[in-house]
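Chemist:
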Amino acid sequence: DLANAIQDAGIERVKIRSVLTCESRRGVCQLCYGRNLGTGRMVEQGEAVGIISAQSIGEPGTQLTMRTFHIGGAASGGTEQNKQDARYDGFARHMGINTVRNEKGELIAMNRTGLLVVVDDKGRERERYQVVYGAKVLVADGGPVQAGQTLLEWDPFAFSILTEISGTVHFKDIIENVTYHEQVDEVSSMSQWVIIDSQDEKRMPAIIIRPDGGGRHDEKRYLMPTNAHLSVRDGERVHAGDVLAKIPRATTKTKDITGGLPRVVELFEARKPRETAVMSEINGVVKIGEVQKGLRRITISGDDGTEKEYSIPRGVHINVQDGERVKAGDPLMDGPRNPHDILKVLGEKELQKYLVNEIQEVYRLQGVNINDKHLEVIVRQMMRWVKIEDIGDTEFLPEEVVDKFRFKEENDRVIEAGGKPAQGSPVLLGITKASLSTDSFISAASFQETTRVLTEAAINGKIDNLRGLKENVIMGRLIPAGTGMTYYRRIKIAGEDVVEEPVQEQDPLLADSLNIYDEETKGSYMSGSEALDFNLDEPLGDAE
5 DLANAIQDAG IERVKIRSVL TCESRRGVCQ LCYGRNLGTG RMVEQGEAVG IISAQSIGEP
65 GTQLTMRTFH IGGAASGGTE QNKQDARYDG FARHMGINTV RNEKGELIAM NRTGLLVVVD
125 DKGRERERYQ VVYGAKVLVA DGGPVQAGQT LLEWDPFAFS ILTEISGTVH FKDIIENVTY
185 HEQVDEVSSM SQWVIIDSQD EKRMPAIIIR PDGGGRHDEK RYLMPTNAHL SVRDGERVHA
245 GDVLAKIPRA TTKTKDITGG LPRVVELFEA RKPRETAVMS EINGVVKIGE VQKGLRRITI
305 SGDDGTEKEY SIPRGVHINV QDGERVKAGD PLMDGPRNPH DILKVLGEKE LQKYLVNEIQ
365 EVYRLQGVNI NDKHLEVIVR QMMRWVKIED IGDTEFLPEE VVDKFRFKEE NDRVIEAGGK
425 PAQGSPVLLG ITKASLSTDS FISAASFQET TRVLTEAAIN GKIDNLRGLK ENVIMGRLIP
485 AGTGMTYYRR IKIAGEDVVE EPVQEQDPLL ADSLNIYDEE TKGSYMSGSE ALDFNLDEPL
545 GDAE
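When the count follows my numbering, it moves up by one through the sequence shown with no breaks and lands on 548 for the last residue.
Structure follows, in structure tokens:
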């Protein structure tokens, strides 16, 4: 009823709570986590949601590995998507799509940052789609859309390089057996000109389109990357939107190798993928420069006058053309994106979205459905760290990686005292690193690198407050989950007499062997069991 009321009220967007927005220091609060998917009711206090998340992700992982071995290769690729159909009735809106009309009168998208949005009769957004460069846009801006109607079409097997203007083709540095060779297709016996790597760095194969009656300043230059299959010949006339060259996509190969469990592990461990795409850090206009020492220089001139220079390996397919506008975060070349770059350029929210979507993509390909909240629980733990850049008047060390909550507490304390707070930037830690950086050294030692963890804990004089599950299991205590939470120990069951718990007698041998120094009594000692009991009444996992 509430959902229908929101829809009828014409509200476009509502802010929702999720595991990623939760500000509870230990655990997650009930309202941010929501329903327990096992019972369909609100999650109860003390539910071990982290363990449920790990099991929900781990259990289908067994199928993932086996399926990769069994199916393998092209069979798992299936059919490539080559069009996008509308799911709802409504009206089309073009957002930032640059289009030209080709000879057939079709609208062709000429940029990579455009979106096609379907809105209902009240102007509310129902669905949105990224428009691929070179895609045919089959609906006009503001035109009516029916459910099932095709909105976009594109070539799933090749990237196309298109001309924005009509004119005559002129080849530059496209020389037979130097920068291109003729390749004959064995099946169709058709010959194609394919760009190859030239020994001479100064040669930059390009197609220049000179408009009819236009001067040199009106011409457009399109660089041809290695492995581009030319679709036009020197002196040929072309119309705006025509294909100049195509670069085949290696789809089935990449999907299979990076699919399955290795890809999930790569994402959870926050590893930098090999041959990552270079991303633009600012909004601006692209200028493609010369090749020096095997690297092509690309300069982006920002709107505020700043300039950023990037070096891209020669022969790699560059996604942008001379004079094209790019946004911060746009990849300048082909390849996987580095999650650390996404965090630096686009911020935390974009990275959270990227990680959850990329992990889900692997499971979706195998036909496994996992609720987002399980992934969010893990991603939240990976993203709760801050790297100190300027220590200010705090007790932190430069370059130290600390918990967000500790960072905020220390800054609040310093500001209250009239000091200068520390400055830090968010960092992404892989699950192994995040587990070793936890507050509890007993938990970390039971996981990996036991000697190092215990040595560091001893040197730093760390105290373990036994707040998590693992450390309590190791110490042989009741775990603070389920009915073991302090919250449930204070509950009186109706009709039962309250029985005082018997006071455990102190074992004198244990008392002697576990003498733990107590600062408050300045020199006196307290027994080990007393020392370990000091925080039993602290609530665990409650909403803060």
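In this text, a Cβ means the ideal position worked out from N, Cα and C, and glycines have one as well.
Check whether the stretch 226-240 and the stretch 159-178 are in contact - that is, three or more C-beta pairs closer than 8 Å.
Modeler: The stretch 226-240 vs the stretch 159-178: in contact.
Chemist: Taking DSSP's pairing of strands, which residues face R105 in a bridge?
Modeler: Numbered from its first residue, the sequence shown carries residue 105 at position 101. L111.
Chemist: Please return the same chain residues whose Cβ sits closer than 6 Å to the Cβ of V418, not counting the five positions on each side in sequence.
Modeler: The count along the sequence shown starts at 1 and reaches residue 418 at position 414. If we look at V418 and ignore the five residues flanking it on each side, its Cβ neighbours are D397, T398 and P425.
Chemist: Do the CB positions of I337 and V320 come within less than 8 Å of each other?
Modeler: In the sequence shown, residue 337 corresponds to position 333, counting from 1. In the sequence shown, residue 320 corresponds to position 316, counting from 1. A quick correction: the sequence has Met, not Ile, at residue 337. Yes; because the gap between Cβ atoms is below 8 Å, this pair is in contact.
Chemist: With DSSP run on the structure shown, which of helix, strand or coil describes Y154?
Modeler: If you number the sequence shown from 1, residue 154 lands on position 150. The question names Tyr, yet the displayed sequence has Thr at residue 154. Three-state result, T154: strand.
Chemist: Report yes or no: do three or more beta-carbon pairs, one from the stretch 100-120 and one from the stretch 140-150, lie closer than 8 Å?
Modeler: Output reads yes: the stretch 140-150 touches the stretch 100-120.
Chemist: I need the DSSP call for V418, collapsed to helix, strand or coil.
Modeler: Residue 418 sits at position 414 when you count from the first residue of the sequence shown. Reduced to three states, the DSSP call for V418 is helix.
Chemist: So is N464 buried or exposed if we call it buried at 16+ other beta carbons inside 10 Å?
Modeler: For the purposes of this step, residue 464 is identified with residue 460 of the sequence shown, where counting begins at 1. Answer is exposed; the Cβ neighbour count stays below 16.
Chemist: Mind the definition here: the stretch 266-280 touches the stretch 359-373 only if three or more C-beta pairs lie below 8 Å; say whether that holds.
Modeler: Yes: the two stretches touch, three or more of their Cβ pairs being nearer than 8 Å.
Chemist: Measure the C-alpha to C-alpha separation of A9 and K19 and round it to an integer number of angstroms.
Modeler: Residue mapping note: residue 9 aligns to position 5 of the sequence shown, counting from 1. Residue mapping note: residue 19 aligns to position 15 of the sequence shown, counting from 1. So the two alpha carbons sit approximately 16 Å from each other.
Chemist: Going by C-alpha to C-alpha distance, which of R45, G44, G50 and R17 sits closest to C33?
Modeler: As a first step, residue 33 must be located in the sequence shown, where it is residue number 29. Out of R45, G44, G50 and R17, G50 has the C-alpha closest to the C-alpha of C33.
Chemist: Mapping DSSP to helix, strand and coil, what is A249?
Modeler: Along the sequence shown, read from residue 1 onward, the residue named residue 249 stands at position 245. Looking at A249 - three-state DSSP - the assignment turns out to be strand.
Chemist: Between which two residues does the alpha helix (DSSP H) holding L271 run?
Modeler: Counting from 1 along the sequence shown, the entry for residue 271 is found at position 267. L271 -> alpha helix (DSSP H) spans L265 to F272.
Chemist: Tell me where the beta strand (DSSP E) around H185 begins and ends.
Modeler: Taking the first residue of the sequence shown as position 1, residue 185 is located at position 181. It spans Y184 to V188 - the beta strand (DSSP E) in which H185 sits, taken as one unbroken run.
Chemist: Look at E352 and M387 and say whether their C-beta atoms are less than 8 Å apart.
Modeler: The residue you call residue 352 lines up with position 348 of the sequence shown. The residue you call residue 387 lines up with position 383 of the sequence shown. Taking 8 Å as the Cβ cut-off, E352 and M387 qualify as a contacting pair.
Chemist: Using only the alpha-carbon positions, how far apart do E1 and Q153 sit?
Modeler: As shown, the chain starts at 5 and ends at 548. That puts residue 1 outside it, with no answer to give.
Chemist: So what's E362 in DSSP terms, helix, strand or just coil?
Modeler: Here residue 362 refers to the residue found at position 358 when the sequence shown is read from its first residue. Of the three classes helix, strand and coil, the one that applies to E362 here is helix, per DSSP.
Chemist: Would you be able to state if there are at least three C-beta pairs under 8 Å between the stretch 23-38 and the stretch 376-393?
Modeler: Because the criterion of three Cβ pairs below 8 Å is met, the stretch 376-393 and the stretch 23-38 touch.
Chemist: When the Cβ atoms of the stretch 205-215 are set against those of the stretch 122-138, are three or more pairs found closer than 8 Å?
Modeler: With a cut-off of 8 Å, the stretch 122-138 and the stretch 205-215 do not count as touching, because too few Cβ pairs lie within range.
Chemist: Quickly, what does DSSP pair E129 with across the bridge? List them, please.
Modeler: As a first step, residue 129 must be located in the sequence shown, where it is residue number 125. DSSP lists V123 as partners of E129.
Chemist: Under the rule that 16 or more other beta-carbon atoms within 10 Å means buried, what is N106, buried or exposed?
Modeler: The residue labelled residue 106 in the question sits at position 102 within the sequence shown. That one is buried.
Chemist: Should N86 be labelled buried (16 or more other beta-carbon atoms within 10 Å of its own) or exposed?
Modeler: What you label residue 86 is simply residue 82 of the sequence shown in a count that begins at 1. Classification for N86: exposed.
Chemist: Give me the Cα-Cα distance between E16 and F95, rounded to the nearest whole angstrom.
Modeler: The sequence position of residue 16 within the sequence shown is 12, counting from 1. The sequence position of residue 95 within the sequence shown is 91, counting from 1. Spanning the two alpha carbons is a distance of roughly 15 Å.
Chemist: Just reading off the alpha helix (DSSP H) that Y226 is part of, what are its end residues?
Modeler: Along the sequence shown, one-based indexing puts residue 226 at 222. First-last for Y226: K224 to L227, but that is the beta strand (DSSP E), not the alpha helix (DSSP H).
Chemist: Going by the beta-carbon positions, is the gap between R329 and P335 smaller than 8 Å?
Modeler: For the purposes of this step, residue 329 is identified with residue 325 of the sequence shown, where counting begins at 1. For the purposes of this step, residue 335 is identified with residue 331 of the sequence shown, where counting begins at 1. Not closer than 8 Å, so no.
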